[in-house]
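Read through the structure below, which is laid out as structure tokens, and then see the notes.
There are 2 protein chains.
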Amino acid sequence: MPFTIRQIAEIAGVSRGTVDKVLHGREGVSDEVRARVEEVIRKADYVPNRLATELSQSMKERRIAILMTPLNPFAEKVREGALAAAKELRELNCSVDVLIMREFREDEQAESLHQIIDTHPDGIAVMALDGNLTREALRRAEEEHIPVVTFVSDIADTARICFVGQDIPRGARTAAELLARAVGQKGRVAILHGPISMSAHRQRIESFENELSEGFPQVQVSGFADIHDDDETAYRETGLVLEDRKLAGIYVTGAGVGAVARAVKEQGRNVRIVCFDLTRETERLLREDEVDFVIDQGAFGQGREAVRLLWNYLVHKTVPKEGRFYTDTTIYVKALLK
Amino acid sequence: MPFTIRQIAEIAGVSRGTVDKVLHGREGVSDEVRARVEEVIRKADYVPNRLATELSQSMKERRIAILMTPLNPFAEKVREGALAAAKELRELNCSVDVLIMREFREDEQAESLHQIIDTHPDGIAVMALDGNLTREALRRAEEEHIPVVTFVSDIADTARICFVGQDIPRGARTAAELLARAVGQKGRVAILHGPISMSAHRQRIESFENELSEGFPQVQVSGFADIHDDDETAYRETGLVLEDRKLAGIYVTGAGVGAVARAVKEQGRNVRIVCFDLTRETERLLREDEVDFVIDQGAFGQGREAVRLLWNYLVHKTVPKEGRFYTDTTIYVKALLK
DNA sequence: ATGAAAGCGCTAACAT
DNA sequence: ATGTTAGCGCTTTCAT
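From first to last, the protein sequence lines are chains A and B.
Residue numbering for the first sequence follows UniProt numbering, starting at 1 and increasing by one per position.
Residue numbering for the second sequence follows UniProt numbering, starting at 1 and increasing by one per position.
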């Protein structure tokens with residue numbers, strides 16, 4: 001068995017309470033004693049027992065608040081992940097409130113954040129919109145010493161302790177390779193993307209194009225269109241890019257894949273499709289051979305880890321290195337389903 | 001906060017010790033009291049606190065024994081996973097001994113198992129060879145009430161509490177789809193497989209062929225060879241299958257991929273390769289475009305989960321449903337690396 | 001058959 | 001500044 005705090009205390013010739021203070025950098029210990037205790041901890045390679053810490057911490061009641069943008073199939077899975085983590089935390093006397101925004105608007109997000117801060121939660125997780133109102137609200141959280149984790153989408157210049165999300169360039173480069181393979185490593189492809197105002201979509205376009213030009217120079221991007229994560233627009237824009245009779249593939253960065261596939265199918269064209277996020281819809285499209293590859297970026301895990309990381313920070317003061325946590329990027333094909 | 005055992009005891013009008021006995025089906029409780037307590041537990045939807053259980057269980061010193069077949073790059077990762085889990089268990093007063101066989105032989109496995117059983121460990125995890133000597137040894141473990149988990153490879157007709165491993169048919173079907181795509185969904189492919197005496201290799205062949213004939217009828221299997229997980233044999237046999245000048249792809253079920261790729265390259269042939277398990281070697285082959293897809297079946301996770309599941313059984317008496325735990329099947333392509 | 005109490009390792013409030 | 005102690009929820013031994 002590893003050393004216990006009791007043994008450390010004995011060796012250092014002090015009480016457990018004193019060791020605890022040293023461990024957490026609390027005051028009330030003379031410099032001399034502190035140095036001695038630290039030395040013993042170091043030599044013994046002492047690490048506090050995780051279970052014991054969490055169990056004793058469960059004396060204190062805690063509350064984590066989560067703010068999510070409006071639900072879609074992707075966000076729905078994120079929510080499920082957050083709820084799963086919340087369930088685990090119940091026995092640790094920590095509750096998790098999930099608040100879902102009505103609209104995808106920055107002013108609503110800021111307002112909700114202020115309301116949440118008013119209730120003084122122990123921690124906040126937020127799918128951050130990258131704008132100044134949100135930034136201001138998060139600064140207030142910082143002032144009030146409420147730790148913040150951003151998840152799914154990040155925001156610059158704030159003191160969030162961590163971002164939990166996808167490694168977007170990695171997924172996009174993977175998409176490029178897979179679409180290139182699906183079309184036989186040559187030919188023309190189109191990019192149908194979501195709202196360009198979201199940095200995630202911009203990055204998905206950029207990394208995709210870089211990977212193509214570096215690794216598959218015979219595959220050219222011949223068309224772009226913003227389909228606004230919206231089925232109707234997607235259907236219409238797909239019709240337009242299909243006017244290129246030589247189009248071999250379509251890369252879809254966001255929602256609306258069902259409509260894209262429908263347009264392709266109705267025209268009886270052989271155009272390969274690669275998209276993101278395994279949902280009921282994309283799973284169906286894989287099964288029906290409408291889509292060749294789906295790149296999943298762990299929606300469930302994003303929700304779950306956001307909550308877990310916040311808890312770990314609260315009780316252990318730990319944070320992933322670099323202040324980021326990337327969920328797995330997973331490739332799905334038809335045969336891998338079920 | 002959920003109910004505690006203390007509250008359950010109060011409501012039922014008994015002591016905590018009595019509730020504990022009821023929870024674990026121990027004797028020393030009258031039928032009448034048992035029924036009453038069970039009713040309260042049910043109504044309150046009481047679940048014991050996991051952390052508290054484990055912490056209190058750490059009073060008892062435990063020992064888990066692991067028996068592994070000789071190391072190769074795959075087994076090495078499995079071992080790392082087991083060691084990672086072992087590290088987590090140290091603070092719970094549970095030690096993990098890993099024993100590695102000298103040779104890949106059933107008699108040695110049986111002998112080692114008997115020696116392990118002689119030391120009366122609290123649990124055993126074994127990469128089981130499917131034969132009668134091993135089977136007998138595992139029966140003895142059962143008689144002596146030592147729980148057994150098989151991992152990586154399973155054995156029929158024994159009372160192992162669980163098997164931890166790959167979903168082999170799933171991986172093999174995925175390999176078929178990917179190789180079919182890599183060769184353009186038509187043409188001839190060869191199967192270079194490991195020791196046919198191992199059921200894993202037989203299954204990998206069978207499911208691969210099934211998926212091809214169901215989903216990709218224009219892809220035919222034109223050659224087979226046993227390469228014995230061995231580089232020299234692999235190189236030689238690859239030369240032979242390459243005599244088919246129209247060969248478009250090779251499916252490798254086990255080790256030896258490096259030699260296969262070398263033979264292909266030396267002949268300057270354009271033959272696509274799909275194989276299993278991300279290792280330093282296969283990672284290199286992906287980077288150099290020698291291999292198109294690597295299907296990884298979570299070696300690290302297999303080692304880690306074997307140990308974790310055994311621990312969970314020891315302290316919580318829980319077992320995964322169906323008595324199996326499959327690690328993730330993950331597709332790797334070049335762009336997904338790093 | 002049932003209950004009381006000590007102990008797992010850690011934290012924090014309280015006493016010295 | 002430092003030590004003492006009562007918990008967190010559960011298990012287990014020892015009384016009754």
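Every residue, glycine too, gets a C-beta built ideally from N, C-alpha and C.
Owing to the predicted nature of the structure, the values given are computational and were not obtained by experimental measurement.
Can you pull out the residues from the segment 52-78 of chain A whose beta carbon lies closer than 7 Å to at least one beta carbon of chain B?
52, 54 and 55
Can you say whether residue 217 of chain B is buried or exposed, counting buried as having 16 or more other CB atoms within 10 angstroms of its CB?
Walking along the second sequence from the start, residue 217 of chain B turns up at place 217. It is exposed - the Cβ of residue 217 of chain B has fewer than 16 other Cβ atoms within 10 Å.
Please classify residue 121 of chain A as buried or exposed, where buried requires at least 16 other C-beta atoms within 10 Å of its C-beta.
Counting from 1 along the first sequence, the entry for residue 121 of chain A is found at position 121. With 16 or more Cβ atoms within 10 Å of its Cβ, residue 121 of chain A is classed as buried.
What residue range is occupied by the uninterrupted beta strand (DSSP E) comprising residue 220 of chain A?
Within the first sequence, the letter at position 220 stands for residue 220 of chain A. Here the beta strand (DSSP E) through residue 220 of chain A covers 219-226.
Using a Cβ-Cβ cut-off of 9 Å, state whether residue 211 of chain A counts as contacting chain B.
In the first sequence, residue 211 of chain A corresponds to position 211, counting from 1. Yes, residue 211 of chain A counts as interfacial toward chain B.
Span of the alpha helix (DSSP H) holding residue 37 of chain B?
The residue you call residue 37 of chain B lines up with position 37 of the second sequence. Counting along the chain, the alpha helix (DSSP H) containing residue 37 of chain B begins and ends at 31-44.
Roughly how many angstroms lie between the CA atoms of residue 54 of chain B and residue 184 of chain A, to the nearest whole one?
Counting from 1 along the second sequence, the entry for residue 54 of chain B is found at position 54. Counting from 1 along the first sequence, the entry for residue 184 of chain A is found at position 184. Using only the alpha carbons, I get a separation of about 55 Å.
At what residues does the alpha helix (DSSP H) containing residue 86 of chain B begin and finish?
Walking along the second sequence from the start, residue 86 of chain B turns up at place 86. Residues 73-90.
Taking its Cβ as the centre, do 16 or more other Cβ atoms sit within 10 Å of residue 306 of chain A, making it buried, or is it exposed?
Walking along the first sequence from the start, residue 306 of chain A turns up at place 306. Burial call: buried.
Note down, in chain order, every chain B residue with its Cβ under 7 Å from the Cβ of residue 98 of chain A.
Stepping through the first sequence from its first residue, residue 98 of chain A is reached at position 98. Simply none; closest approach about 19 Å.
Using alpha carbons as the reference points, say which of B:157, B:192, B:201 and B:159 lies closest to residue 167 of chain B.
Mapped onto the second sequence, residue 167 of chain B falls at position 167. Taking only the C-alpha atoms, the option nearest residue 167 of chain B is B:201.
Just to confirm before moving on: does the CB-CB distance between residue 37 of chain B and residue 12 of chain B stay below 9 Å?
By 1-based counting over the second sequence, the position of residue 37 of chain B is 37. By 1-based counting over the second sequence, the position of residue 12 of chain B is 12. Yes, the pair counts as a contact, with Cβ atoms nearer than the cut-off.
Given that a residue counts as buried once 16 or more other Cβ atoms are within 10 Å of its Cβ, and exposed if not, what is residue 147 of chain A?
Taking the first residue of the first sequence as position 1, residue 147 of chain A is located at position 147. Flag for residue 147 of chain A reads buried.
Where residue 320 of chain B and residue 139 of chain A are concerned, what is the direct C-alpha to C-alpha distance, given to the nearest angstrom?
Within the second sequence, residue 320 of chain B is the residue found at index 320, counting from 1. Within the first sequence, residue 139 of chain A is the residue found at index 139, counting from 1. For residue 320 of chain B and residue 139 of chain A, the distance between alpha carbons rounds to 45 Å.
Under 8 Å from the C-beta of residue 93 of chain B: neighbouring residues of chain A
Along the second sequence, read from residue 1 onward, the residue named residue 93 of chain B stands at position 93. Simply 1.
Residues of chain B with CB under 8 Å from residue 87 of chain A, in chain order?
Numbered from its first residue, the first sequence carries residue 87 of chain A at position 87. What residue 87 of chain A touches in chain B: nothing, since even the nearest Cβ is about 10 Å away.
CB-CB under 6 Å to residue 326 of chain A, same chain, minus the five flanking residues each way: which ones, in chain order?
One-based indexing of the first sequence puts residue 326 of chain A at position 326. Answer for residue 326 of chain A: 167, listed in chain order.
Endpoints, the beta strand (DSSP E) within which residue 95 of chain A is located
In the first sequence, residue 95 of chain A corresponds to position 95, counting from 1. It spans 94-100 - the beta strand (DSSP E) in which residue 95 of chain A sits, taken as one unbroken run.
So is residue 182 of chain B in contact with chain A if we call contact Cβ pairs under 9 Å?
Walking along the second sequence from the start, residue 182 of chain B turns up at place 182. Taking Cβ atoms only, chain A reaches closer than 9 Å to residue 182 of chain B, which makes this a yes.
Residue 152 of chain B to residue 163 of chain B, Cα distance in whole Å?
The count along the second sequence starts at 1 and reaches residue 152 of chain B at position 152. The count along the second sequence starts at 1 and reaches residue 163 of chain B at position 163. Their Cα atoms are separated by approximately 8 Å.
Any beta carbon of chain A sitting closer than 9 Å to that of residue 255 of chain B?
As a working mapping, residue 255 of chain B is identified with position 255 in the second sequence. Taking Cβ atoms only, chain A never reaches closer than 9 Å to residue 255 of chain B, which makes this a no.
Can you pull the DSSP bridge partners for residue 68 of chain B?
Translated into positions along the second sequence, residue 68 of chain B becomes position 68. Answer is B:100, bridged to residue 68 of chain B.
Please state the DSSP three-state secondary structure of residue 190 of chain B.
As a working mapping, residue 190 of chain B is identified with position 190 in the second sequence. Residue 190 of chain B falls in the strand class under three-state DSSP.
Coarse secondary structure for residue 156 of chain B, derived from DSSP in three states:
The residue given as residue 156 of chain B occupies position 156 in the second sequence. The answer is coil: DSSP assigns residue 156 of chain B none of H, G, I, E or B.
Would you give the residue range spanned by the beta strand (DSSP E) that residue 296 of chain A belongs to?
By 1-based counting over the first sequence, the position of residue 296 of chain A is 296. 293-296 is the span of the beta strand (DSSP E), which, as asked, contains residue 296 of chain A.
Pick helix, strand or coil for residue 110 of chain B, following the three-state DSSP scheme.
The sequence position of residue 110 of chain B within the second sequence is 110, counting from 1. Three-state result, residue 110 of chain B: helix.
Could you confirm whether any beta carbon from chain A is found closer than 9 Å to the beta carbon of residue 174 of chain B?
Locating residue 174 of chain B in the second sequence gives position 174, counting from the first residue. Yes, contact with chain A.
Exposure label - residue 85 of chain B; buried when at least 16 CB within 10 Å:
As a working note, residue 85 of chain B is residue 85 in the second sequence. Buried, by the Cβ-count rule.
Beta-carbon separation of residue 227 of chain B and residue 256 of chain B under 9 Å?
For the purposes of this step, residue 227 of chain B is taken as the residue at position 227 of the second sequence. For the purposes of this step, residue 256 of chain B is taken as the residue at position 256 of the second sequence. Yes; because the gap between Cβ atoms is below 9 Å, this pair is in contact.
Compare the Cα-Cα distances from residue 299 of chain A to each of A:272, A:24 and A:328 and report the closest residue.
If you number the first sequence from 1, residue 299 of chain A lands on position 299. Nearest option by C-alpha distance: A:328.
Rounded C-alpha distance that separates residue 229 of chain A from residue 195 of chain A
Walking along the first sequence from the start, residue 229 of chain A turns up at place 229. Walking along the first sequence from the start, residue 195 of chain A turns up at place 195. If I take the Cα positions, the gap works out to 7 Å.
Opposing strand residues paired with residue 251 of chain B [DSSP bridges]
As a working mapping, residue 251 of chain B is identified with position 251 in the second sequence. Looking at the DSSP assignment, residue 251 of chain B forms a beta bridge with B:191 and B:274.
Determine the contact status of residue 178 of chain B and residue 289 of chain B, defining contact as a CB-CB distance below 9 Å.
Locating residue 178 of chain B in the second sequence gives position 178, where the first residue counts as 1. Locating residue 289 of chain B in the second sequence gives position 289, where the first residue counts as 1. No, they are not a contact pair.
Pull out every residue of the segment 191-207 of chain B whose Cβ sits closer than 7 Å to any Cβ of chain A, in chain order.
none
Taking its Cβ as the centre, do 16 or more other Cβ atoms sit within 10 Å of residue 30 of chain A, making it buried, or is it exposed?
Mapped onto the first sequence, residue 30 of chain A falls at position 30. Its Cβ having fewer than 16 others within 10 Å, residue 30 of chain A is exposed.
Simplified DSSP assignment, three categories, for residue 233 of chain A:
Taking the first sequence and counting its residues from 1, one reaches residue 233 of chain A at position 233. Of the three classes helix, strand and coil, the one that applies to residue 233 of chain A here is helix, per DSSP.
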